[in-house]
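First comes the structure, then the notes that go with it.
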Amino acid sequence: MNDDSSVTSGQVKKYLQVNHMISLIAPPFRALAKAMPGKTLTLLDAGCGNSYLSLAFAFLAREAMQNPSTQIRDWQGAQFALQVIGIDTNAQVIEQSKARAAALGLSDVMSFQCCSLADAVLPERLHAVMALHACDTATDDALALGIRRQADMLAVAPCCQAELAQFFKTLPPQSNHDLGVIFSSPNLRRDAAATFTDALRLAMMRALGYETTATEFIPSTHTPKNRLILGERRGRFSKPGLDEYLRLRAAIGSPTLALERALHDVMRERFPNVELP
Ligand SMILES: C[S@@+](CC[C@H](N)C(=O)[O-])C[C@H]1O[C@@H](n2cnc3c(N)ncnc32)[C@H](O)[C@@H]1O
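Residue numbers (numbering that gives the first Met the number 0): 0 to 276.
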């Protein structure tokens, strides 16, 4: 923001994205806080970039906690402490994020690591994982991390998803696949690949115990990357969820995507009697 609290035109889109995303992740996070009174809840921002999302979320949570008679609607009754961890491979944005956290007086609740998600040093238990436009398969790395560490809440807005579109491209046209008309058109292929990738993510999350939704969190005029996948942990696993995953996977040519590779051992452990691909 500028000194007069106006938002520079170039930043308006990000401002709206962050605001909308917070309005959608706050309710499940609050429910979590109320279910675990007095706990320190750990929130991971995967591919945090400039950390606008987690800075705003930490600021909101702190305001809600510091003013028990809060005017911030719906936070009454939630008593928790927050620890936010931001991870990004880009050293410059990590330094900026640290400086912003310090300027907002949030250094005690926020920490940052400059590394890939695979190399991050994290607590065994994460309560929530979010990723706003983490590049390509970094969304899958974030989901896999959260699922492995039993995160109660997963919130990802996927970015560019090239992996499945590349796979569709390799399917030979003569294979007469039922979806061949989609695979052979670059535009349809890209769109369908993004949708199928997210559908597989939802099904995998369901299989591994999450209740899931996919919603448009911001109008597509702001960004075409406007789908928010939200997961809330309800159980250990779901066989119908796995069946859904395997059926969809088979229907689109049996790709083995990043999330499946990252969670193969977890799937095997959860479904020892199922023959997995
Ligand atoms: C498009 S930016 C989004 C940043 C921020 N979440 C936002 O919405 O403003 C994606 C960020 O993910 C980071 N990133 C990509 N792959 C990563 C990985 N495997 N581990 C950690 N960070 C990653 C990039 O460095 C980049 O800052």
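Cβ atoms here follow ideal geometry from the backbone N, Cα and C, with glycine treated the same way.
In terms of side-chain proximity, the C-beta atom of A133 is found nearer than 7 Å to a non-hydrogen atom of ligand 1. For G9, no alpha helix (DSSP H) encloses it, and the DSSP letter there is neither H nor E. Excluding residues up to 5 positions away in sequence, L52, L131, A156, F216, L227 lie with their Cβ nearer than 7 Å to the Cβ of M20 in the same chain.
With a threshold of 7 Å, the Cβ atom of S115 counts as near ligand 1, since some heavy atom of the ligand is closer than that.
Within 7 Å of the C-beta of V92 there is at least one heavy atom belonging to ligand 1. Counting the other CB atoms within 10 Å of its CB gives M204 a total of 16 or more, which places it among the buried residues.
DSSP assignment within the stretch 182-214 yields the following whole alpha helix (DSSP H) runs of 4 residues or more, N-terminal first: 185-206. If you ignore the 5 residues before and after G208, its C-beta comes within less than 7 Å of the C-beta of R232, R233, G234, R235, F236, S237, all in its own chain and listed in chain order. Burial state of P276 is exposed, judged by a 10 Å Cβ sphere holding fewer than 16 other Cβ atoms. When the five nearest sequence neighbours on each side are left out, the beta carbons in the same chain lying within less than 6 Å of the beta carbon of E210 are those of E231, R233, in order along the chain.
The alpha carbon of L125 has as its nearest neighbour, out of A154, A90, E274, T222, the alpha carbon of A154. Beyond the five residues adjoining it in sequence on each side, I146 comes within less than 6 Å, by CB distance, of L207 in the same chain, given in chain order. Under the DSSP assignment, V92 falls in the alpha helix (DSSP H) whose first and last residues are 90-102. Where I146 is concerned, the enclosing alpha helix (DSSP H) starts and stops at 137-147. Taking a contact to require three or more Cβ pairs closer than 8 Å, the stretch 72-89 and the stretch 27-40 qualify as touching. With a contact defined as Cβ atoms closer than 8 Å, Q160 and D135 qualify at about 7 Å. With a cut-off of 7 Å, the C-beta of L52 is classified as near ligand 1, since at least one heavy atom of the ligand falls inside that distance. Judged by DSSP in its simplified three-state form, G240 adopts helix. A direct Cα-Cα distance of roughly 24 Å separates R200 from P122.
With a minimum length of 3 residues, the unbroken runs of beta strand (DSSP E) contained wholly in the stretch 22-46 fall at 39-45. With a threshold of 7 Å, the Cβ atom of D139 does not count as near ligand 1, since no heavy atom of the ligand is closer than that.
For L23, the CB contacts under 8 Å within the same chain, skipping 5 residues up- and downstream, are A154, T214, F216, L227, L229 in chain order. In this structure, the C-beta of I228 stays at least 7 Å away from each heavy atom of ligand 1. Counting along the chain, Q82 sits inside the beta strand (DSSP E) bounded by residues 80-87.
The alpha-carbon separation between F58 and W74 amounts to approximately 13 Å. Between Q16 and H221, the gap from beta carbon to beta carbon is short of 8 Å. Across the structure, Y14 and N1 are spaced so that their CA atoms are roughly 13 Å apart.
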